[in-house]
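Trainee:
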Amino acid sequence: MTRPSTVPDAGRGDVVTGPPGPDAARQRGHRPRPGRRRALAVFLTPSLTLFLLLVVAPIAVASYASLYKWNGFGLPENHVGLDNYTRALADPVFRGDLWRGFVLIVLSLTIQLPAALGLAMLLNQPLKGRGLYRLVFFAPYVLSEVTTAVLFTLVFSPNRGLGEVISRWLGAEAGAVFADPDTVLFAVFLVVSWKYFGLYMILFLAARQGIPRELHEAAVTDGAGAWQAFRHVTLPLLGPTIRIAVFLSVIGTIQLFDMVWVLTGGGPIHASETMAVTMFQYGFRRFEVGYASAISIVMFVLSLAFALVYQRVVLRRDTEGALTVQGDQR
Amino acid sequence: MTSPANPALRARRLVLHLICVAVGALIVVPVWFGVIGGFKDNGQLSTNPLGLPDPWVPGNYTDIVTSGVFWRHLGNSLLIAVSSTLIVVGAGAMAAFVFARFAFRGREFLVTLFAVGLMFPFAVAILPLFVLLRGMGLLDNPLGVILPQAAFGLPITIIILRQFFRTIPGEVEEAATLDGCGPFGFFWRVLLPMARPALATVSVLAIVASWNNFMLPLVVFTDQGWWTLPLGVQAFQGQYSDDTARVLAYVVLSMVPALGFYAVAERQLIGGLAGSVKG
Numbered sequence: 411m412t413r414p415s416t417v418p419d420a421g422r423g424d425v426v427t428g429p430p431g432p433d434a435a436r437q438r439g440h441r442p443r444p445g446r447r448r449a450l451a452v453f454l455t456p457s458l459t460l461f462l463l464l465v466v467a468p469i470a471v472a473s474y475a476s477l478y479k480w481n482g483f484g485l486p487e488n489h490v491g492l493d494n495y496t497r498a499l500a501d502p503v504f505r506g507d508l509w510r511g512f513v514l515i516v517l518s519l520t521i522q523l524p525a526a527l528g529l530a531m532l533l534n535q536p537l538k539g540r541g542l543y544r545l546v547f548f549a550p551y552v553l554s555e556v557t558t559a560v561l562f563t564l565v566f567s568p569n570r571g572l573g574e575v576i577s578r579w580l581g582a583e584a585g586a587v588f589a590d591p592d593t594v595l596f597a598v599f600l601v602v603s604w605k606y607f608g609l610y611m612i613l614f615l616a617a618r619q620g621i622p623r624e625l626h627e628a629a630v631t632d633g634a635g636a637w638q639a640f641r642h643v644t645l646p647l648l649g650p651t652i653r654i655a656v657f658l659s660v661i662g663t664i665q666l667f668d669m670v671w672v673l674t675g676g677g678p679i680h681a682s683e684t685m686a687v688t689m690f691q692y693g694f695r696r697f698e699v700g701y702a703s704a705i706s707i708v709m710f711v712l713s714l715a716f717a718l719v720y721q722r723v724v725l726r727r728d729t730e731g732a733l734t735v736q737g738d739q740r
Numbered sequence: 330m331t332s333p334a335n336p337a338l339r340a341r342r343l344v345l346h347l348i349c350v351a352v353g354a355l356i357v358v359p360v361w362f363g364v365i366g367g368f369k370d371n372g373q374l375s376t377n378p379l380g381l382p383d384p385w386v387p388g389n390y391t392d393i394v395t396s397g398v399f400w401r402h403l404g405n406s407l408l409i410a411v412s413s414t415l416i417v418v419g420a421g422a423m424a425a426f427v428f429a430r431f432a433f434r435g436r437e438f439l440v441t442l443f444a445v446g447l448m449f450p451f452a453v454a455i456l457p458l459f460v461l462l463r464g465m466g467l468l469d470n471p472l473g474v475i476l477p478q479a480a481f482g483l484p485i486t487i488i489i490l491r492q493f494f495r496t497i498p499g500e501v502e503e504a505a506t507l508d509g510c511g512p513f514g515f516f517w518r519v520l521l522p523m524a525r526p527a528l529a530t531v532s533v534l535a536i537v538a539s540w541n542n543f544m545l546p547l548v549v550f551t552d553q554g555w556w557t558l559p560l561g562v563q564a565f566q567g568q569y570s571d572d573t574a575r576v577l578a579y580v581v582l583s584m585v586p587a588l589g590f591y592a593v594a595e596r597q598l599i600g601g602l603a604g605s606v607k608g
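This is the structure we're talking about:
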């Protein structure tokens with residue numbers, strides 16, 4: 411699926427990869443196409459309707475509602491300008507959300523992704539049974555965050571869980587990790603990693619297997635050790651996939667909700683709360699829809715700003731990649 | 330492949346295996362704890378969390394399997410996953426076809442719009458979406474989950490299918506046109522059958538996304554009759570918070586369909602994820 415550049419160029423039937431425009435349209439003039447306009451409308455209407463109505467419009471409504479004090483019923487009338495935003499930025503819980511999001515991102519990038527990369531390299535070795543290992547490592551990804559969270563709540567449940575066993579090994583109270591504000595965020599991170607490291611491992615493994623064997627062999631022939639070959643040959647070639655993984659990880663962390671909601675509800679005393687949890691609390695529990703909308707918009711702007719900057723600065727070098735494909739020109 | 334003459338290599342392999350087994354244990358042990366824990370009573374769970382049950386208590390599982398609530402949630406999850414997938418793959422394939430093989434003004438803008446949509450999470454849109462669905466009378470209606478899920482699944486579906494459609498040579502379309510196929514005929518009778526692997530990939534991604542969705546059904550369904558499995562699991566945990574063994578049984582049963590699906594569709598799932606990142 412990585413061959414967009416091999417598609418025949420403009421001027422042959424409908425296969426047009428060049429920039430669209432009147433020229434491209436004229437070139438097809440050799441075949442009468444009475445139904446073309448109609449076909450366009452018919453083919454695009456379902457997806458555009460769904461997308462504009464249920465994805466784009468809600469974001470627009472949220473940005474509008476964020477300027478009002480509104481309980482979500484009737485029309486928003488009490489315009490408060492940017493008060494909801496200044497309130498959020500002054501709120502210690504929301505500022506804590508930003509900090510905790512940052513901590514989770516740092517943990518993911520320094521622990522989760524390197525571990526996934528290491529395991530991918532390991533599973534690239536000719537090991538007996540590596541198919542089984544791969545199957546097992548990736549399996550948690552198909553479990554829902556809710557199922558995972560409930561399972562781990564029980565695993566660490568104070569009296570009846572595995573937590574007891576672990577406590578006995580460690581000589582410390584393992585069952586309390588989710589009840590202690592100092593450890594809860596790290597515990598949440600571990601459960602998130604349990605579910606998601608397999609995804610990154612699979613992405614790295616697929617990319618690693620796409621690297622021609624000769625390159626690695628050539629490096630070894632030239633006297634490079636295993637580590638040098640990895641550092642100077644494999645790692646640079648994995649660059650595009652690593653950059654996408656970092657992107658997915660950051661965007662995913664900004665939006666983290668299900669896992670936290672079920673594991674801890676954001677507690678104790680907000681110690682594991684994320685932006686999405688705060689938004690949900692205000693929007694669906696306290697009916698401060700205007701304020702919650704402002705938090706939604708901050709999440710959206712952060713995701714979008716990160717994506718744009720990241721794409722401009724980091725991803726620009728990667729000529730292919732679904733997340734970065736904005737056109738055919740590159 | 331393993332030559333006994335090379336002890337260094339064998340030692341290295343052994344270490345690699347040990348790492349794999351250790352990581353595998355981190356994944357398998359919690360699940361194993363759940364599976365056998367469901368066969369215990371709570372007294373056994375306190376005294377013997379990891380060992381085999383003695384005696385085996387099948388009641389936790391059989392109660393759930395015979396109660397009907399579990400099957401109800403399973404059926405709802407299935408209905409919603411299948412409907413969302415049909416809609417998103419249908420609408421997405423049509424759009425991807427146009428984006429891949431037609432040149433028209435505004436195409437790049439639309440493609441970019443959908444690509445940016447990859448970053449729109451439910452969390453950002455959930456509040457206004459809720460207000461909108463309430464206005465449309467779609468609360469406690471499966472369409473209230475199905476349609477937004479389909480809409481949010483469009484970007485990844487369109488991106489993957491568009492890449493695939495572009496690899497089909499123009500000659501195929503010309504031949505079809507000479508045979509009297511219009512764009513609809515070409516799409517339906519030629520393109521879609523050729524795109525079966527890609528369609529399988531995006532379908533699997535859509536099913537998994539729908540199956541695991543929590544936030545949207547959480548706000549849309551107050552009527553328990555419509556709850557999906559994730560909602561059921563969470564509610565069950567709240568209801569029986571003192572009965573750990575029973576909740577474990579419910580969690581394990583709710584994992585079975587996902588793991589079974591994984592066993593069947595592993596290739597499409599992994600291929601789809603790897604492919605969507607590589608392009």
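Going down the list, the protein sequences come from chains A and B. Number 740 marks the last residue of the first sequence (the numbering used here); no jumps. Number 608 marks the last residue of the second sequence (the numbering used here); no jumps. Think of the CB as a built atom: it goes at the ideal place given N, C-alpha and C, for glycine as much as any other residue. Every value quoted in this text rests on a predicted model; they were computed, and no experiment measured them.
#1: If V601/A and L673/A are in contact, beta carbons under 8 Å, what's the gap, nearest whole angstrom?
#2: Based on the DSSP output, what are the partners of Y551/A in its beta bridges?
#3: Could you run through the region 561 to 575 of chain A and flag, in chain order, every residue whose CB is less than 9 Å away from some CB of chain B?
#4: From the DSSP output, in three-state form, read off K479/A for me.
#5: Please classify G491/A: is it buried, with 16 or more other beta-carbons within 10 angstroms of its beta-carbon, or exposed?
#6: Using a Cβ-Cβ distance under 7 Å, would V687/A count as near chain B?
#7: With a 10 Å radius around its C-beta and 16 neighbouring C-beta atoms as the bar for buried, classify V533/B as buried or exposed.
#8: Start and end of the alpha helix (DSSP H) containing D493/A?
#9: Take the Cβ of M465/B as the centre, count every other Cβ of all protein chains shown within 10 Å, and call the residue buried at 16 or more, exposed below.
#10: Name, in chain order, the residues that DSSP records as bridge partners for H489/A.
#11: Would you report the Cα separation of Q566/B and V719/A, rounded to the nearest angstrom?
#12: Cβ of A420/B less than 7 Å from any chain A Cβ?
#13: Under a CB-based cut-off of 7 Å, is Y543/A close to chain B?
#14: Going by Cα to Cα distance, which pick from L514/A, V643/A, L485/A and M611/A is closest to L666/A?
#15: Just how far apart, CA to CA, sit S567/A and G573/A?
#16: Within a Cβ cutoff of 6 Å, which residues of the same chain sit near M669/A, ignoring the five residues on either side of it in sequence?
#17: Please list, in chain order, all residues of the same chain as F607/A whose beta carbon is under 7 Å from its beta carbon, the five residues on each side excluded.
#18: With 7 Å as the limit, tell me which residues of the region 359 to 370 of chain B have their beta carbon closer than that to any beta carbon of chain A; keep them in chain order.
#19: Quick check: the Cα distance between G554/B and L545/B, rounded to an integer number of angstroms?
#20: For the pair the region 643 to 661 of chain A and the region 492 to 506 of chain A, tell me if three or more CB-CB distances fall below 8 Å.
#21: Using a Cβ-Cβ distance cut-off of 7 Å, determine whether V453/B contacts chain A.
#22: Name the residues in the region 701 to 714 of chain A whose C-beta lies less than 7 Å from a C-beta of chain B; which are they?
#23: Once DSSP output is grouped into helix, strand and coil, what is the label at G700/A?
#24: Grouping DSSP H, G and I as helix and E and B as strand, with all else coil, what is K538/A?
#25: I think T557/A touches P559/B, with their Cβ atoms under 8 Å apart; what is that distance to the nearest whole Å?
#26: Suppose the cutoff is 7 Å on Cβ atoms and the five residues either side in sequence are ignored; what does the same chain contact list for G600/B look like?
#27: Using 7 Å as the limit for Cβ to Cβ distance, is G388/B near chain A?
#28: Quick check: is the beta carbon of M523/B nearer than 7 Å to any beta carbon in chain C?
#29: Name the chain A residues that come within less than 9 Å of F590/B, Cβ to Cβ?
#30: Decide if N569/A is buried, meaning its Cβ has at least 16 other Cβ atoms within 10 Å, or exposed.
#31: Count the other CB atoms within 10 Å of the CB of D571/B; is the residue buried (16 or more) or exposed (fewer)?
#32: What residue from T563/A, L533/A and M689/A has the CA that sits closest to V350/B's CA?
#33: Which of the three DSSP states is assigned to G404/B in this structure?
#34: What's the C-alpha gap between R495/B and L450/A?
#35: Can you list the alpha helix (DSSP H) stretches of 4 or more residues lying completely in the region 529 to 577 of chain B, in chain order?
#36: Would the region 459 to 473 of chain A and the region 444 to 459 of chain B be scored as touching if the rule is three or more Cβ pairs under 8 Å?
Mentor: Reading from the atomic positions:
#1: Numbered from 1 along the first sequence, position 191 holds the residue referred to as residue 601/A. Numbered from 1 along the first sequence, position 263 holds the residue referred to as residue 673/A. The pair is a contact, with the Cβ atoms about 6 Å apart (cut-off 8 Å).
#2: Here residue 551/A refers to the residue found at position 141 when the first sequence is read from its first residue. Paired residue(s): none; Y551/A is not in a bridge.
#3: Taking 9 Å as the Cβ-Cβ cut-off against chain B, the residues of the region 561 to 575 of chain A that qualify are L561, F562, T563, L564, V565, S567, N569, R570, G571, L572, G573, E574 and V575.
#4: Indexing the first sequence from 1 puts residue 479/A at position 69. Strand, per DSSP.
#5: The residue you call residue 491/A lines up with position 81 of the first sequence. Exposed, because fewer than 16 other Cβ atoms sit within 10 Å of the Cβ of G491/A.
#6: Counting from one through the first sequence, the residue named residue 687/A turns up at place 277. Chain B contact via Cβ: absent.
#7: Position 204 of the second sequence, counted from the first residue, corresponds to residue 533/B. It counts as buried.
#8: The residue you call residue 493/A lines up with position 83 of the first sequence. Element bounds for D493/A: D493 to A500.
#9: By 1-based counting over the second sequence, the position of residue 465/B is 136. Exposed, since its Cβ has fewer than 16 Cβ neighbours within 10 Å.
#10: The residue you call residue 489/A lines up with position 79 of the first sequence. Partner(s): Y478/A.
#11: Translated into positions along the second sequence, residue 566/B becomes position 237. Translated into positions along the first sequence, residue 719/A becomes position 309. Cα to Cα, the separation comes out at about 42 Å.
#12: As a position in the second sequence, residue 420/B is number 91, starting the count at 1. Yes, its Cβ sits closer than 7 Å to a Cβ of chain A.
#13: The sequence position of residue 543/A within the first sequence is 133, counting from 1. Closer than 7 Å: yes.
#14: Numbered from its first residue, the first sequence carries residue 666/A at position 256. Checked all of L514/A, V643/A, L485/A and M611/A; the closest Cα to L666/A is L514/A.
#15: For the purposes of this step, residue 567/A is taken as the residue at position 157 of the first sequence. For the purposes of this step, residue 573/A is taken as the residue at position 163 of the first sequence. Between S567/A and G573/A, the C-alpha separation is close to 6 Å.
#16: In the first sequence, residue 669/A corresponds to position 259, counting from 1. Contacts found: E555, A559 and V602.
#17: Mapped onto the first sequence, residue 607/A falls at position 197. Correct list, in chain order: Q522, A525 and A526.
#18: P359, F362 and G363
#19: Within the second sequence, the letter at position 225 stands for residue 554/B. Within the second sequence, the letter at position 216 stands for residue 545/B. In a straight line, the C-alpha of G554/B is about 16 Å away from that of L545/B.
#20: Result no; under three Cβ-Cβ pairs closer than 8 Å.
#21: The residue given as residue 453/B occupies position 124 in the second sequence. Yes - at least one Cβ of chain A is within 7 Å of the one on V453/B.
#22: A702, S703, S706, M709, F710, S713 and L714
#23: Position 290 of the first sequence, counting from 1, holds the residue named residue 700/A. Three-state result, G700/A: helix.
#24: Your numbering for residue 538/A matches position 128 in the first sequence. Coil, per DSSP.
#25: Looking up residue 557/A in the first sequence gives position 147. Looking up residue 559/B in the second sequence gives position 230. T557/A to P559/B, Cβ: 7 Å. Contact.
#26: Within the second sequence, the letter at position 271 stands for residue 600/B. For G600/B, where only same-chain residues beyond five positions count, the Cβ hits under 7 Å are T530.
#27: In the second sequence, counting from the first residue as 1, residue 388/B sits at position 59. No, no contact with chain A.
#28: No chain C is part of this structure, whose protein chains are labelled A and B.
#29: What you label residue 590/B is simply residue 261 of the second sequence in a count that begins at 1. Per Cβ cutoff of 9 Å: V552.
#30: Sequence index remark: in the first sequence, residue 569/A carries index 159 (1-based). Flag for N569/A reads exposed.
#31: Taking the first residue of the second sequence as position 1, residue 571/B is located at position 242. The residue in question, D571/B, is exposed, as its Cβ has fewer than 16 Cβ neighbours within 10 Å.
#32: As a working mapping, residue 350/B is identified with position 21 in the second sequence. When only C-alpha atoms are compared, the closest one is L533/A.
#33: The count along the second sequence starts at 1 and reaches residue 404/B at position 75. Looking at G404/B - three-state DSSP - the assignment turns out to be helix.
#34: Taking the second sequence and counting its residues from 1, the one referred to as residue 495/B is at position 166. Taking the first sequence and counting its residues from 1, the one referred to as residue 450/A is at position 40. Cα-Cα distance, rounded: 17 Å.
#35: 544 to 549 and 558 to 568
#36: Taking 8 Å as the limit for Cβ pairs, the verdict is that the region 444 to 459 of chain B does touch the region 459 to 473 of chain A.
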